[in-house]
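A.B. asks: Take a look at the following structure, please.
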Amino acid sequence: MDLKTQKMRTFNNILVTGGAGFIGSNFIRYVLTKTDFAGRIVNYDALTYAGNAESLADVAQAFPGRYEFVHADIRDGAAVAAALEKYSVDAIVHFAAESHVDRSITSPDDFVQTNIVGTFRLLEAARAMGRKLALFHHVSTDEVFGSLGETGFFSETTPYAPHSPYSASKAGSDHLVRAFRDTYGLPVTLTNCSNNYGPYQFPEKLIPLMILNALEGKELPVYGEGTNVRDWLHVEDHCEAIWTVMTKAAIGETYCVGGRNEMRNIDVVGKICALVDTLAPPLASGAPRSSLIRHVKDRLGHDRRYAIDCSKLERDLGWKPAHDAKTGFEETVKWYLASSRWVDSVRTGAYRNWIERNYASR
Ligand code: NAD
Ligand code: DAU
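Position one of the sequence shown corresponds to residue 0 (numbering that gives the first Met the number 0), numbered consecutively onward.
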């Protein structure tokens, strides 16, 4: 689809929450380098363990005056309001969240605080802007729909049935966003997306964890039998879907986003082992990386299968994924192999010193 030939909604100053995380940083890079957007992006991020402002150091340098960073928490309503005012924001894209299911099982409180209370504070600040705000785009997950059996797909009409504290907190945030649309007329759009992969993902999630453990000859923990299924989408395809919805969808609409790319976890891990064997030096033992696979205790309440029917997004707005899993996985493995500095930085939290050096004076 040629996005440029269709009438599109435009913005001047976009506030991106969680822009130092995996998808948020890819989204900022995508919008500034691959779209016609000519305005300014303000990255509003609390820099939790999952946020790394250095992921956008190149963007900060390449787009002076068009990229700003605000180190603050979405739960701080006054700080949100100050940023919206200072930068004359006319659109908000809300990525900031606690995003890891395993952490939500051990520490659910953080998920309720950021994903529900934080989203509420952001919505209140957005509502206070009145007509100055053109759009509030909420980034959500397919996990709000619960779990599928062997067949069927999630779509925009699937009832909510979240299981983990993470997905329940995201479901709560989705309901709040729609409540602000229906009650106060807040101009919102929403997306519910499947599992993303690609560069800059924190190495606690399946794909980067397996790449780095395989590289370092560590065990590869596969939960249960490894037969749970996820629908994998390259992060840049997700970013393009969000931008497409922001610029072209009718206000109030929801779109499901997915890759039509279902895979069992054990098969994902097998592919990563093979790629690391091909692209990195062999293990000292000479054994293939697949010998490192260990079946470990299953995740509590582990959702069996996710799969998305994204035909509404394809039909209404002409979006379709540009990456296929074969090249997408290979590019991702190559990116992690070439990005040891970034990996060390996020694993050690060293980026916190970097942020103090680069932003303390602002
Ligand atoms: P991430 O964990 O990589 O990044 C989250 C970012 O939010 C970090 O930069 C962190 O510092 C920031 N943050 C956390 N709490 C904050 C707070 N209280 N105030 C301000 N900033 C805060 O997450 P991700 O994987 O990039 O996911 C981004 C969004 O996309 C989330 O809302 C998630 O639910 C959704 N999502 C993720 C996926 C996926 O596969 N990763 C799929 C669908 C939807
Ligand atoms: O579906 C969208 C969701 O995808 C997002 O909303 C979440 O933010 C994102 O984290 C992701 O959730 P998952 O739980 O599906 O992703 P994760 O990478 O944690 O796990 C993917 C699958 O791999 C899942 O079935 C659990 C399994 N797994 C995970 C890890 C970390 C393992 O078998 N071993 C592991 O070590």
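Yeah, the Cβ is synthetic: ideal placement off N, Cα and C, and Gly gets one too.
All of these numbers come straight from a predicted model, not from anything done at the bench.
State the DSSP-derived secondary structure class of C309, mapped to helix, strand or coil.
C.D. replies: Position 310 of the sequence shown, counted from the first residue, corresponds to residue 309. DSSP places C309 in coil when its eight states are reduced to three.
A.B. asks: Check each candidate in E235, D315 and D181 and name the one with the smallest Cα separation from A321.
C.D. replies: If you number the sequence shown from 1, residue 321 lands on position 322. With distances taken between Cα atoms, A321 lies closest to E235.
A.B. asks: Give the secondary structure of H137 by DSSP, where H, G and I count as helix, E and B as strand, and everything else as coil.
C.D. replies: Residue 137 sits at position 138 when you count from the first residue of the sequence shown. Per DSSP, reduced to three states, the secondary structure at H137 is strand.
A.B. asks: Going by the beta-carbon positions, is the gap between T156 and F94 smaller than 7 Å?
C.D. replies: Numbered from its first residue, the sequence shown carries residue 156 at position 157. Numbered from its first residue, the sequence shown carries residue 94 at position 95. Contact flag unset, no.
A.B. asks: Please tell me whether I13 and A127 are closer than 7 Å, where the distance is taken between their beta carbons.
C.D. replies: Against the sequence shown, residue 13 aligns to sequence position 14. Against the sequence shown, residue 127 aligns to sequence position 128. Going by C-beta atoms, I13 is not nearer than 7 Å to A127.
A.B. asks: Exposed or buried, what is A96 when buried is set at 16 or more other beta-carbons lying within 10 Å of its beta-carbon?
C.D. replies: Here residue 96 refers to the residue found at position 97 of the sequence shown. Under this definition A96 is a buried residue.
A.B. asks: Taking the continuous alpha helix (DSSP H) assigned at W242, which residues delimit it?
C.D. replies: By 1-based counting over the sequence shown, the position of residue 242 is 243. Per DSSP, W242 belongs to the alpha helix (DSSP H) from V234 to K247.
A.B. asks: For a quick check, are the C-beta atoms of P158 and A167 less than 7 Å apart?
C.D. replies: Against the sequence shown, residue 158 aligns to sequence position 159. Against the sequence shown, residue 167 aligns to sequence position 168. Their beta carbons are not under 7 Å apart, which means P158 does not touch A167 by this criterion.
A.B. asks: Using 7 Å as the threshold, is the C-beta distance between F21 and Y199 below it?
C.D. replies: Position 22 of the sequence shown, counting from 1, holds the residue named residue 21. Position 200 of the sequence shown, counting from 1, holds the residue named residue 199. Against a cut-off of 7 Å, the Cβ pair of Y199 and F21 comes out as a contact.
A.B. asks: Is the beta carbon of F153 within less than 6 Å of some heavy atom of the ligand NAD?
C.D. replies: Position 154 of the sequence shown, counted from the start, is the residue given in the question as residue 153. Checking every heavy atom of the ligand NAD against the Cβ of F153, none is found closer than 6 Å.
A.B. asks: So, for V88: in the same chain, excluding its five sequence neighbours on each side, which residues have a beta-carbon less than 6 Å away from its beta-carbon?
C.D. replies: Sequence index remark: in the sequence shown, residue 88 carries index 89 (1-based). For V88, the CB contacts under 6 Å within the same chain, skipping 5 residues up- and downstream, are N12 and L14 in chain order.
A.B. asks: At a cut-off of 6 Å, is D109 close to the ligand DAU when judged by its beta-carbon and the heavy atoms of the ligand?
C.D. replies: Taking the first residue of the sequence shown as position 1, residue 109 is located at position 110. False, no ligand heavy atom lies under 6 Å from that Cβ.
A.B. asks: I'd like the list of long-range same chain contacts for G348, defined as Cβ closer than 8 Å, with 5 residues on each side in sequence excluded.
C.D. replies: Here the question's residue 348 lines up with position 349 in the sequence shown. Answer for G348: Y48, listed in chain order.
A.B. asks: Who are N191's beta bridge partners in DSSP?
C.D. replies: Walking along the sequence shown from the start, residue 191 turns up at place 192. Paired residue(s): S139 and C255.
A.B. asks: Go to A90, then tell me how far its beta strand (DSSP E) extends in each direction, as first and last residue.
C.D. replies: The sequence position of residue 90 within the sequence shown is 91, counting from 1. Per DSSP, A90 belongs to the beta strand (DSSP E) from A90 to H93.
A.B. asks: Quick check on this structure: which residue in L214, G225, L312 and E239 has the alpha carbon closest to the alpha carbon of N195?
C.D. replies: Within the sequence shown, residue 195 is the residue found at index 196, counting from 1. When each option's Cα is compared against that of N195, the closest is E239.
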